[in-house]
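> Be aware that the first sequence starts at 1, since it is given in full-length UniProt numbering, and climbs by one per residue. From the three backbone atoms N, C-alpha and C, an ideal C-beta is built for every residue, glycine too. Note that the coordinates shown come from a computational prediction; the quantities given were computed from them, not determined experimentally. First, the structure itself, so that you have it in front of you.
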Amino acid sequence: MSQDNQTLQQRREKAESLEELGVKLYSNRFKPANIVRDIVPKGENLQAEEHDQSAESFSIAGRIMSMRKFGKAAFCNLADRSGQIQIYLKKELLGDEEFEKFKKWDIGDIVGIEGTIFKTKVGELSVQAKAMTMISKSMRPLPEKWHGLTDVETRYRQRYVDLIVTPESRATFRKRVEIIRLVREYLNNLGFMEVETPMMQAVPGGATAKPFKTHHNALSMDLFLRIAPELYLKRLLVGGFERVFEINRNFRNEGLSTRHNPEFTMLEFYQAYATYEELMDLTEDMVSSICQAVNGSMEIQYQGTNVNLAPPWKRLTMDESLVEIAGIDPELLKDDQAVLALAKEKGIKLEPQSGPGKAKTELFELLVEEKLIDPTFITSYPTEVSPLARRNEDDPTVTDRFELFITGRELANGFSELNDPVDQKERFEKQVADRGNDEEIHPEVDYDYIRALEYGMPSAAGEGIGIDRLVMLLADAPSIRDVILFPHLKPETTPDQGRMEKNDNAEESNN
RNA sequence: GGGUCGUUAACUCAGUCGGUAGAGUAUCUGCCUUUUAAGCAGAGAGUCGUUGGUUCGAGUCCAACACGACCCA
């Protein structure tokens, strides 16, 4: 704390002298009648140096972002949720007493202003203050006005500061909110119901991933944070909710990267009597129209690369992509042994029980995935890697499934759902048997889900879209941490903190 | 988990060959009633990420650790 001494102390002293002048440092009396966005149009017809003849009074509240003080007058920039406007304060108008109080104001304070509007010499619309109210005194200085806050660690840890001073960051999160709103609107318009299913699950199913474990004391049982909502949403199809979706968090206990946060937001939706082909059409239309709405165009740049989201999007089977993009001989793909040998040659390590389907998928990830820049649906995923997808009726080694790739990254995964309880049970059991030596993956057969299928689930197709990755794409964000308000970081260390003690505790809880 | 880079004032950054810790912004004091990176004059502000080591002497060299970024698995 000692490093903050000087600034904090100075601010405290100012705060005290304001209190002595009778100012409440944290008043909740001020109710702004206006926001900046409302005031701006009122000044449209004013000339430079002209005051609003109607003398209409406005009141606004916000944070002081900058100050330019003169002896007996000053200009400030005030920011509220809708924008920024300049405030002009002069001693002559406010009176000696109020102006003395103003001198103790700092950049970062949240204040209320009442006044009339005018334009300055250079034509900037400003509010001339006739009354001023302290709403919240700031005790810490804001980052430098010109460079702003560039240290990414501080931006992620102290997002509140980032949001105050980084307009791009505010814009990204507003865009995120808008994208999610548009997804909801799109699905609602098609008659989908938004539902919430369990985040804590006794059997973490619906994907292959390492779950987080937690414990319920009263029930004295372990629970897992969900890795996917899939099996619950399909239970709702059984229950007769024929179009459902959920936008919520999934949790995966795996590595962190620019594309992976331990908790991430997923859209999953299920539509009875649809097939995966209809979902490809839906996805193409939904994503491209949302892009048009938030970016004004379907042609965007992602980190300097042009991406065209205008439909129709390319559709390739996995085998076609291996031939067209990886340049693999189509004859080779027909020979299971040759496929396995090629995977080995490329340095892919496979479990002993892995078949050609797994090998093809690995080859795809290695040789094709990153080359899919414009949106591309890859279809005909091997049954081996698709435990929940419906088999293709003509070729049972593949499923009626697609994944969507944009800028070399997986954005969506969808398929025609498996609704045959016998087939589903066999596949679950095989998955458990095949888990290999990875105990953490934790596959278990969800027998209640099998029972649900035994009551009869309508034919259906379902899909998951990674919302964080969609926002990254549409907001041109390089890291998933730029689109998550509070991304996961290790606890920060401070010199005067008992770090050693913390480490001891951590070790104990690991054991 | 591995590799590379980074961590110096509240913020953005310099810091040469190992020899008294620097700038701009912010802050404080004075002047200043249309500025907008306002201006002028002056002042204060540092656990150089942490802990060790080498050295007469370490922000600088070495090691370990912490946190972060990027790449790889």
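1) How long is the line joining the alpha carbons of proline 375 and proline 312, rounded to whole angstroms?
2) For lysine 14, which of Pro387, Trp105, Gly123 has the nearest alpha-carbon?
3) Hey, out of Ala61, Ile406, Pro32, whose CA is closest to alanine 79's CA?
4) In this structure, how does DSSP classify glutamine 337 when only helix, strand and coil are distinguished?
5) Can you name, in chain order, every residue of its own chain whose Cβ lies under 7 Å from the Cβ of glutamine 292, other than the five neighbours on each side?
6) When the Cα atoms are used, what is the spatial distance from aspartate 446 to glutamine 424?
7) Residues in the same chain with beta-carbon distance under 6 Å from lysine 314, minus the five sequence neighbours each way, listed in chain order, please.
8) Look at the alpha carbon of phenylalanine 364 and the alpha carbon of serine 380, and state the distance between them as a whole number of angstroms.
9) Would you kindly check if the distance between the Cβ of aspartate 400 and the Cβ of threonine 275 is under 9 Å?
10) Is it right to say leucine 332 is buried, meaning 16 or more other beta carbons lie within 10 angstroms of its own, or is it exposed?
11) Take the Cβ of phenylalanine 486 as the centre, count every other Cβ of all protein chains shown within 10 Å, and call the residue buried at 16 or more, exposed below.
12) Would you kindly check if the distance between the Cβ of glycine 357 and the Cβ of valine 398 is under 9 Å?
13) Would you check if there are 3 or more beta carbon pairs closer than 8 Å linking the stretch 201-212 to the stretch 250-262?
14) Rank Ser321, Asn253, Arg174 by C-alpha distance to the C-alpha of alanine 207 and give the top, closest one.
15) Name the DSSP beta bridge partners of alanine 460, please?
16) In chain order, what residues of the same chain have a beta carbon less than 6 Å from the beta carbon of threonine 133, not counting five sequence neighbours either side?
17) So, are the CB atoms of valine 368 and isoleucine 325 less than 9 Å apart?
18) Thinking just about the alpha-carbon of each residue, which of Gly83, Ala131, Arg81 is nearest to the one in lysine 101?
19) How should arginine 81 be labelled, buried or exposed, when 16 other C-beta atoms within 10 angstroms of its C-beta is the threshold for buried?
20) Measuring alpha carbon to alpha carbon, tell me which residue in Gln6, Leu473, Asn77, Lys121 is nearest lysine 145.
21) Determine, using beta carbons only, whether methionine 199 and arginine 249 come nearer to each other than 9 Å.
22) Let me confirm a value: aspartate 383 is counted as buried when at least 16 other C-beta atoms fall within 10 Å, else exposed. Which label applies?
23) Can you list, in chain order, the residues of its chain with a C-beta nearer than 7 Å to that of tyrosine 232? Leave out the 5 residues immediately preceding and following it.
24) First and last residue of the alpha helix (DSSP H) that includes alanine 452?
25) Give the straight-line distance between the Cα atoms of leucine 267 and leucine 411, rounded to the nearest whole angstrom.
26) Tell me the DSSP bridge mates of leucine 223?
27) Contact between the stretch 49-67 and the stretch 110-126: three or more CB pairs below 8 Å?
28) Could you check what DSSP says for leucine 78 in three-state terms: helix, strand or coil?
29) From what residue to what residue does the beta strand (DSSP E) around lysine 69 run?
30) Locate the alpha helix (DSSP H) running through threonine 133, then write down its first and last residues.
31) Let me check understanding here. Comparing Cα to Cα, which of Asn295, Ile135, Glu98 lies closest to aspartate 476?
32) Can the beta-carbon of leucine 8 be found less than 9 Å from the beta-carbon of methionine 139?
33) State the DSSP-derived secondary structure class of alanine 48, mapped to helix, strand or coil.
34) List the DSSP bridge partners of glutamine 84.
35) Tell me, to the nearest whole angstrom, how far the beta carbon of tyrosine 186 is from that of proline 458; I am working on the premise that it is less than 8 Å.
36) Counting Cβ pairs closer than 8 Å, one from the stretch 225-245 and one from the stretch 449-458, do we hit at least three?
Looking at the coordinates:
1) Locating residue 375 in the first sequence gives position 375, where the first residue counts as 1. Locating residue 312 in the first sequence gives position 312, where the first residue counts as 1. Approximately 9 Å between the Cα atoms of the pair.
2) Counting from one through the first sequence, the residue named residue 14 turns up at place 14. Among Pro387, Trp105, Gly123, the Cα nearest to that of lysine 14 belongs to Trp105.
3) The residue labelled residue 79 in the question sits at position 79 within the first sequence. In terms of CA proximity to alanine 79, Ala61 leads the group Ala61, Ile406, Pro32.
4) Against the first sequence, residue 337 aligns to sequence position 337. DSSP places glutamine 337 in helix when its eight states are reduced to three.
5) For the purposes of this step, residue 292 is taken as residue 292 along the first sequence, with counting starting at 1. Here the set comprises Met298.
6) Start at 1 with the first residue of the first sequence, and residue 446 comes out as number 446. Start at 1 with the first residue of the first sequence, and residue 424 comes out as number 424. One Cα belongs to aspartate 446, the other to glutamine 424, and the distance between them is close to 10 Å.
7) As a first step, residue 314 is located in the first sequence; it is residue number 314 there, counting from the start. Once the five neighbours on either side are set aside, the close Cβ partners of lysine 314 are Thr376.
8) Locating residue 364 in the first sequence gives position 364, where the first residue counts as 1. Locating residue 380 in the first sequence gives position 380, where the first residue counts as 1. Near 12 Å, if we compare the C-alpha coordinates of serine 380 and phenylalanine 364.
9) Taking the first sequence and counting its residues from 1, one reaches residue 275 at position 275. Taking the first sequence and counting its residues from 1, one reaches residue 400 at position 400. The answer is yes: Cβ separation under 9 Å.
10) Looking up residue 332 in the first sequence gives position 332. That one is exposed.
11) Here residue 486 refers to the residue found at position 486 of the first sequence. Flag for phenylalanine 486 reads exposed.
12) For the purposes of this step, residue 398 is identified with residue 398 of the first sequence, where counting begins at 1. For the purposes of this step, residue 357 is identified with residue 357 of the first sequence, where counting begins at 1. For valine 398 and glycine 357, yes; Cβs fall inside 9 Å.
13) Pairwise C-beta distances place the stretch 201-212 in contact with the stretch 250-262, as three or more of them are shorter than 8 Å.
14) Translated into the one-based positions of the first sequence, residue 207 becomes position 207. Checking every option, the nearest Cα to that of alanine 207 belongs to Asn253.
15) Indexing the first sequence from 1 puts residue 460 at position 460. Answer is Ala272, bridged to alanine 460.
16) Along the first sequence, one-based indexing puts residue 133 at 133. Taking threonine 133 as the centre and dropping the five residues before and after it, the same chain places the C-beta of Phe30, Gly112 closer than 6 Å to its C-beta, in chain order.
17) Taking the first sequence and counting its residues from 1, the one referred to as residue 368 is at position 368. Taking the first sequence and counting its residues from 1, the one referred to as residue 325 is at position 325. A contact, by the Cβ cut-off of 9 Å.
18) Indexing the first sequence from 1 puts residue 101 at position 101. That would be Ala131, whose Cα lies nearest to the Cα of lysine 101.
19) The count along the first sequence starts at 1 and reaches residue 81 at position 81. Under this definition arginine 81 is an exposed residue.
20) Translated into positions along the first sequence, residue 145 becomes position 145. Nearest C-alpha to lysine 145: Asn77.
21) Taking the first sequence and counting its residues from 1, one reaches residue 199 at position 199. Taking the first sequence and counting its residues from 1, one reaches residue 249 at position 249. By the CB criterion at 9 Å, methionine 199 and arginine 249 fall inside the cutoff.
22) As a working mapping, residue 383 is identified with position 383 in the first sequence. It is threonine, not aspartate, that sits at residue 383 in the sequence shown. Taking every protein chain shown into account, the CB of threonine 383 has 16 or more other CB atoms within 10 angstroms, so this residue is buried.
23) Within the first sequence, residue 232 is the residue found at index 232, counting from 1. For tyrosine 232, where only same-chain residues beyond five positions count, the Cβ hits under 7 Å are Thr197, Pro198.
24) Taking the first residue of the first sequence as 1, we reach residue 452 at position 452. Run containing alanine 452: 447-455, per the alpha helix (DSSP H) assignment.
25) Here residue 267 corresponds to residue number 267 of the first sequence, with the count starting at 1. Here residue 411 corresponds to residue number 411 of the first sequence, with the count starting at 1. Computed Cα separation, rounded: 11 Å.
26) Taking the first residue of the first sequence as position 1, residue 223 is located at position 223. According to DSSP, leucine 223 shares a beta bridge with Thr214.
27) Yes, the stretch 49-67 touches the stretch 110-126.
28) Taking the first sequence and counting its residues from 1, one reaches residue 78 at position 78. Leucine 78: strand per DSSP, three-state reduction.
29) In the first sequence, the residue the question calls residue 69 occupies position 69. In this chain, the beta strand (DSSP E) harbouring lysine 69 covers 58-69.
30) What you label residue 133 is simply residue 133 of the first sequence in a count that begins at 1. Counting along the chain, no alpha helix (DSSP H) covers threonine 133; the unbroken beta strand (DSSP E) around it starts and ends at 125-136.
31) What you label residue 476 is simply residue 476 of the first sequence in a count that begins at 1. Taking each of Asn295, Ile135, Glu98 in turn and checking the Cα distance to aspartate 476, the smallest one comes out for Asn295.
32) Position 8 of the first sequence, counted from the first residue, corresponds to residue 8. Position 139 of the first sequence, counted from the first residue, corresponds to residue 139. It is a contact, given that the beta carbons lie within the stated cut-off.
33) In the first sequence, counting from the first residue as 1, residue 48 sits at position 48. In the structure shown, alanine 48 sits in coil (DSSP, three-state: anything other than H, G, I, E or B).
34) For the purposes of this step, residue 84 is taken as residue 84 along the first sequence, with counting starting at 1. Partner(s): Ala79.
35) The residue given as residue 186 occupies position 186 in the first sequence. The residue given as residue 458 occupies position 458 in the first sequence. The C-beta distance from tyrosine 186 to proline 458 rounds to 22 Å, too long to fall under 8 Å, and the pair is not in contact.
36) The stretch 225-245 vs the stretch 449-458: in contact.
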